[in-house]
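J.:
In mature numbering (1 follows the signal peptide of the UniProt record, and there is no 0), the protein residues as written are -28 to -1, 1 to 332.
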């Protein structure tokens, strides 16, 4: 009884301490700016100049994937800035969720990567309006435990469906990454041109992969824990999964050079139409994350590129080579870029992926 009482006392004390800590963070956060983001992007090293200017970090709210974020905003959730990726920007804009950006208030707008900025209907529309500030870009790629799996056995993305990896696989609980994997596996690089037959082939491939999946990861912390803890040996994961697992001393490697290639995406920030906060602080935040110095953090600690070309040029060449950004052009012909999908096709993918995960 005494042991139970002591445990209860400790539990209550811990609960009280956590509540106080949470309250402290709530006070410290800037209530005039709400950033709706992926978990992990509240990292203070991404926005030091915002804190330097405005005193406190923004208030952050989090989502697991962009479809979840879309539905939440459409249902009335209020935030100032959001962090969608290339495949979702058109959908968010066409739904009337966004307002145009005033690029005169964004320092370094002209330094953004010309190749990314040239993508049709992404950052800007034909009428000259800007809707999206590209910021981070990277890959979803085959990732594996090199102590458990030989490199020669993961030359092809078809390894994800190989029965010998049953219970050892993880892919993201993310329809875009899932169908990027499946599209590549069936030999399709431009998923915007997917036919009904190719959609069936891709879905059938994901059903085979599902038989091997131990867990669908939801964020970087999740997949790093799965890989580092030895629960899975083969994953379809973002760059930072490898970077963080290696930092933890786990022999995790990734492959851009599989027979079928990899998938590339670019994400960035948008300003919501009904932003409730201080619009000047929203631009302060955009300027803070777009600062060229932030590229050094993105590349070294996360394995991602910054859309600011000036920022990337300032990263040490050895670091760029280590993270695979020293010669990006050599991967272009084996890359599926996650361009915005036709709405009808995206809805089909969402519905089918839910069936696949449920075992149907």
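For each residue, glycine too, the CB sits at the ideal point set by N, CA and C.
1. With three or more C-beta pairs closer than 8 Å as the rule, is the segment 245 to 262 touching the segment 150 to 163?
2. Quick check: the Cα distance between residue 256 and residue 264, rounded to an integer number of angstroms?
3. Touching or not, the segment 126 to 146 and the segment 282 to 290, by the rule of three or more beta carbon pairs under 8 Å?
4. Would residue 328 count as contacting chain B if we go by Cβ distances under 9 Å?
5. Excluding sequence positions up to five away, which residues of its chain have a Cβ less than 8 Å from the Cβ of residue 271?
6. Can you look up residue 97 in the DSSP assignment and give me helix, strand or coil?
7. State the start and end residues of the unbroken alpha helix (DSSP H) segment that holds residue 189.
8. Is the separation between the beta-carbon of residue 239 and that of residue 107 shorter than 9 Å?
9. How many angstroms separate the CA atom of residue 189 from the CA atom of residue 216?
10. Is residue 114 near the ligand COA, going by C-beta to nearest heavy atom under 8 Å?
11. Below 8 Å CB to CB, which residues in the same chain sit around residue 49 once its five sequence neighbours on both sides are set aside?
12. I'd like the ranges of any alpha helix (DSSP H) spanning at least 4 consecutive residues and lying wholly in the segment 190 to 237.
13. Threshold first: 4 residues or longer. Then list the alpha helix (DSSP H) segments lying entirely within the segment 2 to 66, N to C.
14. Whose CA, out of 26, 330 and 155, lies closest to the CA of residue 233?
15. Near residue 137, which residues of its chain fall below 6 Å by C-beta distance, leaving aside the five closest residues on each side in sequence?
16. Take every Cβ of the segment 111 to 131, pair it with every Cβ of the segment 192 to 207, and state whether three or more of those distances are shorter than 8 Å.
17. Just reading off the beta strand (DSSP E) that residue 142 is part of, what are its end residues?
18. What span of residues does the beta strand (DSSP E) with residue 108 cover, start to end?
19. How is the beta strand (DSSP E) around residue 84 delimited, first residue to last?
20. Exposed or buried, which one is residue 30 when buried takes at least 16 other CB atoms within 10 Å?
21. Just curious, the beta strand (DSSP E) that residue 309 is in, first and last residue?
22. Quick check: the Cα distance between residue 97 and residue 222, rounded to an integer number of angstroms?
23. Going by the CB atoms, is the gap between residue 243 and residue 254 shorter than 9 Å?
24. In whole angstroms, give me the CA-to-CA distance for residue 132 and residue 273.
25. Just how far apart, CA to CA, sit residue 161 and residue 43?
26. Use the C-beta contact count for residue 112: other C-beta atoms within 10 angstroms, 16 or more gives buried, fewer gives exposed.
27. Cβ of residue 147 within 9 Å of Cβ of residue 322?
28. In the DSSP assignment, what are the bridge partners of residue 71?
29. What three-state label does DSSP hand residue 287 in the structure shown?
30. At which residues does the alpha helix (DSSP H) containing residue 259 begin and terminate?
31. In the DSSP output, which residue or residues are listed as bridge partners for residue 185?
32. If we ignore side chains and look at the alpha-carbon of each, how far apart do residue 392 and residue 262 end up?
33. By alpha-carbon positions, which one of 1, 101 and 324 ends up nearest to residue 22?
34. Could you spell out where the alpha helix (DSSP H) holding residue 267 opens and where it closes?
35. Looking at C-alpha atoms only, which residue of 318, 178, 325 and 177 is the closest neighbour of residue 60?
36. How far does the alpha helix (DSSP H) with residue 148 in it extend, from its first residue to its last?
T.: In short:
1. no
2. The count along the chain shown starts at 1 and reaches residue 256 at position 284. The count along the chain shown starts at 1 and reaches residue 264 at position 292. Between residue 256 and residue 264, the C-alpha separation is close to 14 Å.
3. no
4. Of the chains in the structure shown, none is chain B; there is only one protein chain.
5. Mapped onto the chain shown, residue 271 falls at position 299. Correct list, in chain order: 277, 278, 284, 287, 291, 292, 295 and 297.
6. In the chain shown, counting from the first residue as 1, residue 97 sits at position 125. It is coil, neither helix nor strand.
7. Within the chain shown, residue 189 is the residue found at index 217, counting from 1. Looking at the DSSP string, residue 189 is not in any alpha helix (DSSP H), and its letter there is neither H nor E.
8. What you label residue 239 is simply residue 267 of the chain shown in a count that begins at 1. What you label residue 107 is simply residue 135 of the chain shown in a count that begins at 1. Yes, the pair counts as a contact, with Cβ atoms nearer than the cut-off.
9. To locate residue 189, count along the chain shown from 1; it is residue 217. To locate residue 216, count along the chain shown from 1; it is residue 244. Near 15 Å, if we compare the C-alpha coordinates of residue 216 and residue 189.
10. As presented, the structure is devoid of all ligands, the ligand COA included, so that no description of it is given.
11. Indexing the chain shown from 1 puts residue 49 at position 77. So the list reads 8 and 33, once near-sequence residues are dropped.
12. 192 to 200 and 211 to 219
13. 20 to 26, 38 to 46 and 61 to 66
14. Within the chain shown, numbered from 1, the residue matching residue 233 stands at position 261. Among 26, 330 and 155, the Cα nearest to that of residue 233 belongs to 155.
15. Here residue 137 refers to the residue found at position 165 of the chain shown. The answer, listed in chain order, is 184 and 206.
16. yes
17. Sequence index remark: in the chain shown, residue 142 carries index 170 (1-based). 141 to 143 is the span of the beta strand (DSSP E), which, as asked, contains residue 142.
18. Here residue 108 is taken as the residue at index 136 of the chain shown, counted from 1. From DSSP, the beta strand (DSSP E) with residue 108 extends over 105 to 117.
19. Numbered from 1 along the chain shown, position 112 holds the residue referred to as residue 84. Where residue 84 is concerned, there is no enclosing beta strand (DSSP E), given that its DSSP letter is neither H nor E.
20. Indexing the chain shown from 1 puts residue 30 at position 58. Buried: at least 16 other Cβ atoms inside 10 Å.
21. Indexing the chain shown from 1 puts residue 309 at position 337. Counting along the chain, the beta strand (DSSP E) containing residue 309 begins and ends at 307 to 309.
22. As a working mapping, residue 97 is identified with position 125 in the chain shown. As a working mapping, residue 222 is identified with position 250 in the chain shown. Those two C-alpha atoms are separated by around 44 Å.
23. In the chain shown, the residue the question calls residue 254 occupies position 282. In the chain shown, the residue the question calls residue 243 occupies position 271. In this structure, residue 243 lies closer than 9 Å to residue 254 by Cβ.
24. Here residue 132 corresponds to residue number 160 of the chain shown, with the count starting at 1. Here residue 273 corresponds to residue number 301 of the chain shown, with the count starting at 1. One C-alpha to the other measures close to 27 Å.
25. As a first step, residue 161 is located in the chain shown; it is residue number 189 there, counting from the start. As a first step, residue 43 is located in the chain shown; it is residue number 71 there, counting from the start. Their Cα atoms are separated by approximately 28 Å.
26. Against the chain shown, residue 112 aligns to sequence position 140. Flag for residue 112 reads buried.
27. By one-based count along the chain shown, residue 147 stands at place 175. By one-based count along the chain shown, residue 322 stands at place 350. Yes.
28. Indexing the chain shown from 1 puts residue 71 at position 99. BP columns for residue 71 point to 243.
29. Here residue 287 refers to the residue found at position 315 of the chain shown. Residue 287: coil per DSSP, three-state reduction.
30. Along the chain shown, read from residue 1 onward, the residue named residue 259 stands at position 287. 251 to 261 is the extent of the alpha helix (DSSP H) around residue 259.
31. Counting from one through the chain shown, the residue named residue 185 turns up at place 213. BP columns for residue 185 point to 141.
32. Not covered by the structure: residue 392. The range shown for the chain is -28 to 332.
33. Within the chain shown, the letter at position 50 stands for residue 22. The option with the nearest alpha carbon to residue 22 is 1.
34. As a position in the chain shown, residue 267 is number 295, starting the count at 1. It spans 266 to 269 - the alpha helix (DSSP H) in which residue 267 sits, taken as one unbroken run.
35. Position 88 of the chain shown holds residue 60. Nearest C-alpha to residue 60: 318.
36. Mapped onto the chain shown, residue 148 falls at position 176. 147 to 157 is the span of the alpha helix (DSSP H), which, as asked, contains residue 148.
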